[in-house]
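In this note's numbering, the protein residues as written are 77 to 387.
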């Protein structure tokens, strides 16, 4: 199976909001679509989902036009969309019906996911505890975090081939963030195709091998994340010493990115530059507590590619 997004263009009157977007997934995994607010991420996702028409290009699944009536898709939108005054179970069964999932199968899957997401008591309250007269919960009786869990269950209930997650961890507390991340890891390992959009760069680094960064509708960076990082080289140096090293930094022509009470974040030319600096410290009997040389983070790359253009 494969997903191909080929030269997609989307316009609103004279404004181009997606400008020749290209990317493809030829094997299961997690693909990241990144950008600032208004960069065209959500519009691109909705085009893939057949929710929006586009002006040029194509979206194919297995070399055929992607059609939601023939391709099993799951979608977690950034704007959550549960019906506030209806019971959780009724809503889940309704969404399962829309995906042609038989009721018996749907109930089995709902029970499985409700346990994993720790929301059994809200979906099957009569089976929890001694009482069998507990009323079913409605969506507006749940916290935002638990509503988000229910929303993701609706996306998973059909066991989709392609799952699209738009800001899946937005607004979650640390405990539920770890819970969601664990489930996303589980899904990713089950030969599924996932597209993820998020403003949380560490999350993207944790899950995604391939990325596209959009800025004002245009692709400004694309490819394998590890390859992209290697292309920058290991030029970020983090140093912590017991002694003042300001003069050694200046003598070696090293740029200071940031100085905190505990350490320096420095920018060197290359690894040899860093090793020369380390030798200087050792030769002068400076006690080095930390000396870490690494590639730039995705956050730093993202800021470089889109930050200045959006100031």
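Ideal Cβ placement from N, Cα and C applies to all residues, glycine included.
Whole-Å CB distance - residue i paired with residue j, under 8 Å assumed
i, j, result
"residue 264", "residue 255", "Contact doesn't hold; Cβ gap of about 15 Å is too wide."
"residue 123", "residue 186", "30 Å between Cβ atoms; not a contact."
"residue 273", "residue 243", "6 Å"
"residue 84", "residue 168", "About 32 Å separates the two Cβ atoms, so there is no contact after all."
Where residue i falls, given that 16 or more other Cβ within 10 Å makes a residue buried
i, result
"residue 250", "exposed"
"residue 231", "buried"
"residue 41", "No answer is possible for residue 41: it lies beyond the span of the chain, which begins at 77 and ends at 387."
"residue 308", "exposed"
"residue 213", "buried"
"residue 177", "buried"
"residue 152", "buried"
"residue 141", "exposed"
Three-state secondary structure assigned by DSSP to residue i
i, result
"residue 318", "coil"
"residue 212", "coil"
"residue 233", "coil"
"residue 309", "coil"
"residue 40", "With the chain covering only 77 through 387, there is no way to say anything about residue 40."
"residue 298", "strand"
"residue 192", "helix"
"residue 288", "strand"
Beta-bridge pairing of residue i - partner residues as DSSP gives them
i, result
"residue 240", "151 and 271"
"residue 141", "136"
"residue 331", "343"
"residue 163", "214"
"residue 100", "80"
Spatial neighbours of residue i in its chain, beta-carbon cut-off 6 Å, leaving aside the 5 residues before and after
i, result
"residue 100", "80"
"residue 238", "149 and 269"
"residue 296", "289 and 381"
"residue 126", "144"
"residue 375", "277"
Other residues of its chain near residue i: CB distance less than 7 Å, five sequence neighbours each side excluded
i, result
"residue 316", "338, 339, 365 and 366"
"residue 198", "164, 213, 218 and 222"
"residue 352", "328"
Chain B within 9 Å of residue i, Cβ atoms only
i, result
"residue 178", "The chain inventory of the structure shown lacks chain B, comprising one protein chain alone."
Neighbourhood of residue i by C-beta, 8 Å cutoff - its chain only, sequence neighbours within 5 removed
i, result
"residue 247", "220, 221 and 224"
"residue 175", "148, 233 and 234"
"residue 201", "210, 211, 212 and 213"
"residue 119", "86, 93, 94 and 128"
"residue 360", "324"
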